[in-house]
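Chains as they are written, first to last, in the numbering used here: chain A, 3 to 113; chain B, 41 to 153.
Using N, Cα and C, we set each Cβ at its ideal position, and we do this for glycine too.
Values in this document were obtained by computation on a predicted structure and should not be read as measured data.
Notes for the one structure printed next.
Laid out in structure tokens, this is it:
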């Protein structure tokens, strides 16, 4: 099975700090890299996604940084808020494969 | 808004019994998926389907069967439920009108005793 590895498993930041969540993949054919978030008791939902035509994708306080050479991408959450506390999943896919999810990062933002 | 509904939302099953989890989508999506969520393992793909009357194995298909009788409906079947199948199961759909975005159902919590 193609691997998508996510770190850290859990992360605690203070309100206002930038949270950084990391992901790496193995399959060089992967060309779609989304992040999903899941609030307690709810289902996962798409947060933001990038295709490697660029190395960066921003949406408000959320930014994906992509490094094709190292096969890594990260999610930066600027000015973290308590309402951002959730589990975040990175994922990867190609035209030839279904989405493969990472193991998840549990983020806690402390007021 | 995209809608994927699952039933039952929660179930307790006896080891060796048969369990059927149902999923219905009104998104007009071609693709439907069944994922299993366990702590520390993220979301793992069990079965998926891209057209009615056809299903494909995902990454962890052992012990599970799937059925797609129509575009809107996709079922996951555990013929002989085992303790190791205790988990939360999510159905999802995607289609050309949604790009690669998966729309998930509310989840079905299965406890096998």
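Could you give the DSSP three-state label for residue i: helix, strand or coil?
i                     : result
residue 81 (chain A)  : coil
residue 124 (chain B) : helix
residue 136 (chain B) : helix
residue 86 (chain A)  : helix
Less than 8 Å separating the beta-carbons of residue i and residue j?
i                     : j                     : result
residue 111 (chain B) : residue 92 (chain B)  : yes
residue 77 (chain A)  : residue 37 (chain A)  : yes
residue 66 (chain A)  : residue 35 (chain A)  : yes
residue 21 (chain A)  : residue 109 (chain A) : yes
residue 132 (chain B) : residue 90 (chain B)  : no
residue 87 (chain B)  : residue 98 (chain B)  : yes
Leaving aside the five residues before and after residue i along the sequence, list all residues of the same chain whose C-beta is less than 6 Å from its C-beta, in chain order.
i                     : result
residue 51 (chain B)  : 150
residue 107 (chain B) : 115
residue 53 (chain B)  : 59, 121, 152
Compare the C-beta of residue i against all C-beta atoms of chain B and say whether one is closer than 8 Å.
i                     : result
residue 5 (chain A)   : no
residue 64 (chain A)  : no
residue 103 (chain A) : yes
residue 135 (chain A) : No answer is possible for residue 135 (chain A): the residues shown for chain A start at 3 and end at 113.
residue 45 (chain A)  : yes
Bridge partners for residue i per DSSP, in chain order?
i                    : result
residue 27 (chain A) : A:6
Using a Cβ-Cβ cut-off of 7 Å (strictly less than) and excluding sequence neighbours within five positions of residue i, which residues of its own chain qualify?
i                     : result
residue 64 (chain A)  : 49, 50, 77, 79
residue 123 (chain B) : 55, 152
residue 18 (chain A)  : 81, 82
residue 113 (chain A) : 17, 84
Please report whether the beta-carbon of residue i lies at a distance below 8 Å from any beta-carbon of chain A.
i                     : result
residue 140 (chain B) : yes
residue 80 (chain B)  : yes
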